[in-house]
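Student:
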Amino acid sequence: ISGAALTALALGKAAVIVGVEVLLFSTSFISIVVIASTPDLYDVIGCYFMSLSVADLLTSVLIVPLSIYSTLTPEWKFMGDNSLLCKLSAYTQIALFCSTVYTFAWICIDRYSAMMKPARYQDQSLTRCKCWILFSWITSLLTCAPIVFAQMQVQFQSELELCVLNWSATSAYSSTLLILVFVPTLVTVFNTGYKVIRAMRNPHELDDSQRVIIETDPNFVLTIFVMVAFVLSWLPLLSLKIFSAFVPPPEASEELSLVSFIFTWLAIAGPSSKFLCYMFCNPIFRRSFLSVLSCCFSSSSRGRSSPTRSEYANMSTSSYL
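Residue numbers (the UniProt record's numbering): 1 to 321.
Pasting the structure below:
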């Protein structure tokens, strides 16, 4: 009975992780294709959202499949704690998360510049935007490099089916990461975000040019929805961690392990909500997606209904006769 229960639990976890894989891969891939193939979307804000989608796509390709295999093969355990594969998995997770956080900061700065300084915003270029994106990715990759090359403890957590960094054993590195990545980003996001939302709620205090930008640019609402969705996807896990820190749970609590698993993979799947936000907030993205979808269906239907070579020969023979 115990083996059957464990098998059922493993299959249930695998089903959840496969669902996350499908969501992340499909939504990120479609977003990249639609933005890259639509000139009206391939602007500064579009490049930032493409960077976010690339991070989601890499998560679905490099991280999630390993967790699926680990769930279906319990004895594998990412080749053990502190193994190279386990370290690379934890490194990839943190580096992609840092890149996402940096990109959110640049998006908020971009929206603040577009609203508060529309004259200077006209000087923004795709080249400058791509430089900031490249800077964010390089900084994230280098900042997280000590996870692989230094003697840092990485452990496999079976309840999450993930390899994670042992933050309590790496307090110095954790503090450095907090100071270099999260504190500046949070300050930037909250400062610029508050000013943008305050200006949107009081349009009578804005100039005519600023008011026109708010009314015609859907990316302001899109940014707010994406940020809120990102925070909501991580809020249950952060709340659980804070609650567990102040109220130590009983040892070997299966219910708490299951809740932690659900909240963790909810946070990983959260970025897929960007696709829905894009669909509802940006009519150009919606039309481009439907156009790409119709082109795919029409090409497949043409491929199925196209006559074969023998049918062409019969058609030509009958016409000759």
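In this text, a Cβ means the ideal position worked out from N, Cα and C, and glycines have one as well.
Keep in mind that this is a model prediction, so the values were computed, not measured.
#1: Assuming F156 and K77 make a contact with CB atoms under 8 Å, what is their CB distance in whole Å?
#2: Opposite V162 in the DSSP bridges: which residues?
#3: Would you mind working out which of Q153, F275 and S257 sits nearest L240, comparing C-alpha positions?
#4: Please name the residue, chosen from A269, T71 and L57, that lies closest to S233 on a Cα-to-Cα basis.
#5: Give the secondary structure of D56 by DSSP, where H, G and I count as helix, E and B as strand, and everything else as coil.
#6: For K13, which residues in the same chain have their Cβ closer than 8 Å to its Cβ, ignoring the five residues on either side in sequence?
#7: Which residues bound the alpha helix (DSSP H) around W234?
#8: Which term fits E255, buried or exposed, when burial requires 16 or more other beta carbons within 10 angstroms of its beta carbon?
#9: Quick check: L52 and A95, are their CB atoms within less than 9 Å of each other?
#10: A4: buried (16+ other C-beta within 10 angstroms of its C-beta) or exposed?
#11: With H, G and I counted as helix, E and B as strand and the rest as coil, what does DSSP make of E75?
#12: Could you tell me the boundaries of the alpha helix (DSSP H) in which A105 lies?
#13: Between which residues of its own chain and S316 is the CB-CB distance below 7 Å, once the five residues before and five after are set aside?
Tutor: Reading from the atomic positions:
#1: In the sequence shown, the residue the question calls residue 156 occupies position 156. In the sequence shown, the residue the question calls residue 77 occupies position 77. Rounded, the Cβ-Cβ distance is 5 Å, consistent with contact.
#2: Reading the sequence shown from its first residue, position 162 is the one you call residue 162. Note that residue 162 corresponds to Leu in the displayed sequence, not to Val. Q157, per the DSSP bridge assignment.
#3: The residue you call residue 240 lines up with position 240 of the sequence shown. Of the candidates Q153, F275 and S257, the one whose C-alpha sits nearest the C-alpha of L240 is S257.
#4: Here residue 233 refers to the residue found at position 233 when the sequence shown is read from its first residue. Measuring from the Cα of S233, the nearest candidate turns out to be A269.
#5: Counted from its first residue, the sequence shown places residue 56 at position 56. Helix at D56.
#6: As a first step, residue 13 is located in the sequence shown; it is residue number 13 there, counting from the start. Same-chain partners within the cutoff: T71, E161 and F261.
#7: Locating residue 234 in the sequence shown gives position 234, counting from the first residue. N219 to F246 is the extent of the alpha helix (DSSP H) around W234.
#8: Reading the sequence shown from its first residue, position 255 is the one you call residue 255. Exposed, by the Cβ-count rule.
#9: Here residue 52 corresponds to residue number 52 of the sequence shown, with the count starting at 1. Here residue 95 corresponds to residue number 95 of the sequence shown, with the count starting at 1. Contact: no.
#10: By 1-based counting over the sequence shown, the position of residue 4 is 4. Note on A4: pLDDT 45, under 50, position unreliable in the model; the coordinate value appears next. That one is exposed.
#11: On the sequence shown, position 75 is the one that residue 75 refers to. Note: E75 maps to coil in three-state DSSP.
#12: The residue given as residue 105 occupies position 105 in the sequence shown. First-last of the alpha helix (DSSP H) with A105: L84 to M116.
#13: Stepping through the sequence shown from its first residue, residue 316 is reached at position 316. Because S316 sits at a pLDDT of 43, beneath the cut-off of 50, its placement in the model cannot be relied upon, and the point is left open.
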